[in-house]
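**Q** In this text, residue positions in the sequence shown follow the working numbering: the first is 1404, and each later residue adds one.
Okay, handing you the structure first.
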Amino acid sequence: MGGDDWRALRAGYEKLISRFALPHPFRVEDLCAAVAEERGRPLRLLPMPAELAGSAGVCGMWVSFGASDLVYYTSVTSRPHQTHIILHELAHILLDHREPSVPEPAMLAQLFPDLDPAMAARLLGRGGRTKATTRQEQEAELLASVMWQHFSVPPVAMATAVPETADALSRVMGAFSRNPPPRIR
1404 MGGDDWRALR AGYEKLISRF ALPHPFRVED LCAAVAEERG RPLRLLPMPA
1454 ELAGSAGVCG MWVSFGASDL VYYTSVTSRP HQTHIILHEL AHILLDHREP
1504 SVPEPAMLAQ LFPDLDPAMA ARLLGRGGRT KATTRQEQEA ELLASVMWQH
1554 FSVPPVAMAT AVPETADALS RVMGAFSRNP PPRIR
């Protein structure tokens, strides 16, 4: 896919998420609530057990049950990374991503009576990466990044001190570097 195609996709994603009016400062929980309301079903955020994230290398997962959605995220990483993982899984929800070559819904309903057949197919298809799933992952990453920017999520290194405080601290630190403290013998 060329650059123009990705730009068009990004513009479509901006339109997709512009329908959510969220308070500022943005909280990922606010977006989850808006997505849940739009879908007419609860959406719960759940930390993934640390051993699952470590052993399987899984950072996040969306599981859709018949009447609710669960978004799991790794709890053994930074809060900004957790936010990105959640946004990535929300992107899969908003884009209604499905795995290719899904088994028959009737068969899945028998195997997983409590699980939405489409979600069971999605989870079962995770073993091998196909061109379609790789494309879906790229789309989800792009939409997650667009959401970060659109909702003005502060970057990790955003300053939280007013300029005057930062200037005063800089002067103090500069004084220490020019005049090292005397040695105590």
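Heads up, the beta-carbon is just placed ideally off N, CA and C, and yes, glycines get one too.
#1: Using a Cβ-Cβ cut-off of 8 Å (strictly less than) and excluding sequence neighbours within five positions of Gly1463, which residues of its own chain qualify?
#2: Which runs of the beta strand (DSSP E) spanning at least 3 residues fall entirely within the segment 1465-1506, listed in chain order?
#3: Buried or exposed: which applies to Gln1552, given that a residue is buried once 16 or more other Cβ atoms fall within 10 Å of its Cβ?
#4: Please identify the residue among Gln1539, Ala1436, Tyr1416 and His1484 whose C-alpha is closest to the C-alpha of Asp1472.
#5: Name, in chain order, the residues that DSSP records as bridge partners for Pro1445.
#6: Figure out for me which residue from Asp1407, Arg1444 and Ala1547 has the closest Cα to the Cα of Pro1483.
#7: Using the three-state DSSP reduction, which class does Leu1425 fall into: helix, strand or coil?
#8: Residues in the same chain with beta-carbon distance under 8 Å from Leu1434, minus the five sequence neighbours each way, listed in chain order, please.
#9: Would you mind giving the Cβ-Cβ distance between Phe1468 and Asp1517, rounded to the nearest angstrom? I have them listed as a contact below 8 Å.
#10: Roughly how far, in whole angstroms, is the beta-carbon of Leu1639 from the beta-carbon of Leu1449, given that I think they are within contact range, below 8 Å?
#11: Bridge partners for Pro1450 per DSSP, in chain order?
#12: Applying the 10 Å Cβ sphere with the 16-neighbour rule, what's the burial state of Trp1409?
#13: How big is the Cα-Cα spacing for Arg1501 and Glu1542?
#14: What's the gap between the Cα of Glu1417 and the Cα of Val1479?
#15: Hey, would you say Trp1465 sits closer than 8 Å to Ile1496, going by beta carbons?
#16: Taking the Cβ atom as the reference point for each residue, do Arg1444 and Ala1470 lie within a distance shorter than 8 Å?
**A** In this structure, then:
#1: Annotation for Gly1463: Met1451, Val1474, Tyr1475, Tyr1476, Thr1477, Ile1488, Ile1489, His1491 and Glu1492 place their beta carbon closer than 8 Å to its own, counting only its chain and skipping 5 residues before and after.
#2: List check, beta strand (DSSP E) in window: 1472-1477.
#3: Exposed, because fewer than 16 other Cβ atoms sit within 10 Å of the Cβ of Gln1552.
#4: The alpha carbon of Asp1472 has as its nearest neighbour, out of Gln1539, Ala1436, Tyr1416 and His1484, the alpha carbon of Ala1436.
#5: DSSP lists no beta-bridge partner residue for Pro1445.
#6: The shortest C-alpha separation from Pro1483 is found at Ala1547.
#7: Coil at Leu1425, not helix or strand.
#8: Excluding residues within five positions, the ones whose Cβ falls inside 8 Å are Phe1423, Leu1425, Leu1490, Leu1493, Met1550 and Phe1554.
#9: Right, the Cβ-Cβ distance comes to about 6 Å (below 8 Å), so this counts as a contact.
#10: The structure shown does not extend to residue 1639, since the chain is modelled only from 1404 to 1588, so the question has no answer here.
#11: According to DSSP, Pro1450 shares a beta bridge with Tyr1476.
#12: The residue in question, Trp1409, is exposed, as its Cβ has fewer than 16 Cβ neighbours within 10 Å.
#13: Counting only the Cα atoms, Glu1542 lies some 12 Å from Arg1501.
#14: Each residue's alpha carbon lies about 30 Å from the other.
#15: Yes; because the gap between Cβ atoms is below 8 Å, this pair is in contact.
#16: Yes. Within cutoff.
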